[in-house]
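Protein chains in written order, with the working numbering: chain P, 3 to 253; chain Z, 49 to 311. Built from N, CA and C at the ideal position, the CB exists for glycine as well. Values in this document were obtained by computation on a predicted structure and should not be read as measured data.
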Ligand SMILES: Nc1ncnc2c1ncn2[C@@H]1O[C@H](COP(=O)(O)OP(=O)(O)O)[C@@H](O)[C@H]1O
Ligand SMILES: [Mg+2]
């Protein structure tokens, strides 16, 4: 059992009367690649957003190395720097070039020098194949290129864990592959990743564990092997039957 | 000096020749007050808009929460009052109010500057707040998600975009101020309208003088509008970007989306 990095305990979240997450328990261990699958509206994004406090949970707790992230003395900003997030809509800073996008967090949050930040940024932009576009503004990039820069931006903070919220859902089909390829490399390099995705091929072939959510609860969580070939819960079976009308594409 | 038989243009030429420097000085005062007043008003607008756009959070503690509520109510009242009364009336109230309470007569430039700043600040506060709210919330979330504080996310990500979005409104406010500083003549600020009125009254030639005056106003606002447009373009940066590390092939440039390739 690898060392646990983030543990979610009895997490719940309501928007007004609307209970979106109910008693969610799960954890991510060092080096694990976990995917969260489930139909739209099942609470996947909310769970991810609760994990870095973009949403405030209404119950339960999130522990980072056994420390409650809502404790008074907890340094939320450093925590967020260590737990990166990649968004469905990329959310690149529109007022900055690709390079600046990857530099600003290092300088302002990690207090690295400009020279060091730029060097690190360039390394990661290179890694995601975007080194030719360092001086481009987001509006000059395609969706797939934006997402790769967004991944480089998150990596430049040297995160311990990366959270991905449907990183390929806003992309044209022909651009999905280039982003998945980058993510696959990251998984192979040992980065700890938690990936909300509708790419069943990725969940099956790249992830160590698959979590199926429905109606704000975790229905089942197991190896891709078990989830995709012998799911225990009928709701999992239904969901997979619906999304796997064609065989998952290998990535 | 032209006589009673002289035509319109003779009088116009006469005024330009004899009163030209007076017009220029008046125009200078107008520009000075409207420019400094717009800049100060923008700073007020940024501060007020920032405070009013910041979400109120009960978790900040009850003391802070209620303090912020009171501050906001005061700022809200400031905006309402100054947007709902004419600047000419505000000028009278502020100028004679200060004089009555503090027993000082403000130097006219300072008085003009204060009035225009406060008035512009009220308008720009709402524009800044709208500008902040028009920036995609995902921008700020991404900034927070890499560990920036709320203030850093505003300073480095949200405000630059908000300011870019409101730049046209800001320029518009400057142009409006060039025209509206004319109301300051009621407290004897020697701006363009005031000096014109004086010159016209001396010779009883209102049409001729104010014809010149309107030309001067037009040239000022027209020039300022062009300069602002140019600035906006400049702020957007080049449409093209140079491929990194392509110095060996200097001609290689990519064309950005919707961009036109320039030589
Ligand atoms: N800010 C919000 N306010 C109110 N309801 C929300 C908000 N965010 C999400 N929800 C609701 O929570 C439910 C789960 O949303 P989400 O976590 O985005 O699901 P998923 O990512 O699995 O599609 C949905 O019913 C959605 O309408
Ligand atoms: Mg979602």
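- Here residue 289(Z) is buried. Its C-beta has 16 or more other C-beta atoms within 10 Å.
- For the options 49(P), 31(P), 87(P), the alpha carbon positioned closest to that of residue 68(P) is the one of 31(P).
- Sixteen is the threshold: since fewer than 16 other Cβ atoms of the shown chains lie within 10 Å of the Cβ of residue 74(P), the residue is exposed.
- A distance criterion of 7 Å places the beta-carbon of residue 46(P) in contact range of ligand 1, judged by its closest non-hydrogen atom.
- Only exposed fits residue 118(Z), as fewer than 16 other CB atoms lie within 10 angstroms of its CB.
- Apart from the 5 residues on each side of it in sequence, residue 148(P) sits with its Cβ closer than 7 Å to the Cβ of 92, 94, 140 in its chain, given in chain order.
- With respect to residue 174(Z), residue 216(Z) sits apart: the two C-beta atoms are not nearer than 8 Å.
- Cβ proximity to chain P below 8 Å picks out 190, 191, 192, 193, 194, 195, 196, 197, 200, 204, 205, 208, 209, 212 from the region 190-218 of chain Z.
- Annotation: Cβ neighbours of residue 93(P) in chain Z (cutoff 7 Å, chain order): 186, 187, 189, 190.
- For residue 57(Z), DSSP assigns no beta-bridge partner whatsoever.
- Residues of chain P whose Cβ lies closer than 8 Å to the Cβ of residue 113(Z) do not exist; the shortest such Cβ separation is about 16 Å.
- Taking all protein chains shown into account, residue 114(P) has 16 or more neighbouring C-beta atoms within 10 Å of its C-beta and is therefore buried.
- Excluding residues up to 5 positions away in sequence, nothing lies with its Cβ nearer than 8 Å to the Cβ of residue 231(P) in the same chain.
- If you look at residue 185(P), you'll find it in the alpha helix (DSSP H) that goes 175-190.
- At a cut-off of 8 Å between C-beta atoms, residue 56(P) counts as an interface residue with respect to chain Z.
- Contact of residue 68(P) with chain Z by beta-carbon distance below 7 Å is absent, the smallest such distance being about 20 Å.
- Taking the Cα of residue 235(P) as reference, the smallest distance to any Cα among 36(P), 70(P), 245(P), 216(P) is reached at 216(P).
- By the Cβ criterion, the region 59-67 of chain Z is not in contact with the region 129-139 of chain Z, since fewer than three pairs of Cβ atoms, one from each stretch, lie closer than 8 Å.
- Just so you know, the alpha carbons of residue 134(P) and residue 194(Z) end up roughly 24 Å apart.
- The C-beta distance from residue 37(P) to residue 205(P) rounds to 4 Å, short enough to meet the 8 Å contact threshold.
- Contact of residue 106(P) with chain Z is assigned, a C-beta pair being separated by under 8 Å.
- In this structure, residue 22(P) has its CB closer than 7 Å to one or more heavy atoms of ligand 1.
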